[in-house]
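In my numbering, the protein residues as written are 2 to 226.
Spelled out as structure tokens, the structure:
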């Protein structure tokens with residue numbers, strides 16, 4: 002796995018000559034290839050009878066889940082996130098025209114090479130909604146030590162530069178404030194295909210992309226003459 006370390010170049014600093022301290026913000030980013038993608042697959046079923054709509058919707062979703070299991074999607078990588086049954090109205094005539102049953106299945110896909118063909122297969126089996134794509138990491142906490150070290154080094158470099166520019170020497174660290182970690186997926190697509198695409202076999206156009214992790218540290222150092 003290749004990952005890229007990026008440190009931010011902007012300097013934020015607070016020099017206090019009376020207290021003999023300097024406070025700087027250290028920042029670091031990691032760009033890490035995604036381990037899997039998350040996506041939501043929905044099935045909408047319409048019928049004039051609510052029981053029929055609900056029953057067919059449940060049957061279609063059960064068939065979809067069985068298919069995904071055969072495609073090596075693990076049971077723990079699937080969960081139902083939405084379930085509804087609602088009436089469709091003709092408000093001009095003040096009458097119910099039918100019923101809409103809906104279910105949404107949240108899945109994790111770890112084999113990027115078959116992503117597009119999987120979507121086409123799901124469309125054939127009743128999946129008519131696709132949304133909520135996100136690239137994810139299996140263990141983002143694994144990268145926290147690298148982020149902390151990089152952000153700390155970034156702060157130290159800034160503090161030394163500013164201290165030397167003001168004819169001072171950098172002393173010990175007196176305070177560290179961790180401002181948090183941000184995680185942002187960066188998906189990339191060569192050519193997006195929706196779940197409504199035709200059923201012909203297609204090569205995968207998905208590039209899962211990288212997940213961006215960022216860390217900020219506010220560090221205060223003593224200053225010496």
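Beta carbons are placed, not taken as given, at the ideal position from N, Cα and C, and that holds for glycine.
For the candidate residues 31, 37, 58, 34, whose alpha-carbon lies nearest to that of residue 43? 58
Assign residue 137 to one of three DSSP states: helix, strand, or coil. strand
Is residue 222 closer than 8 Å to residue 172 when the C-beta atoms are compared? yes
Buried versus exposed call for residue 159 [16 or more other C-beta atoms within 10 Å across all chains shown]: buried
Sequence ranges, beta strand (DSSP E) only - wholly within the stretch 14-92, length at least 3: 14-17, 22-34, 37-48, 79-91
Three Cβ pairs or more, each shorter than 8 Å: is that satisfied between the stretch 61-69 and the stretch 155-170? no
In angstroms with no decimal places, state the Cα-to-Cα distance between residue 191 and residue 32. Model confidence at residue 191 stands at a pLDDT of 33, short of 50, so the residue's coordinates are unreliable and nothing is read from them.
Backbone CA spacing between residue 220 and residue 179 [nearest angstrom]: 9 Å
Which same chain residues, not among the five before or five after residue 71, have their C-beta less than 7 Å away from its C-beta? none
With a cut-off of 8 Å, do at least 3 Cβ pairs link the stretch 36-54 to the stretch 103-119? yes
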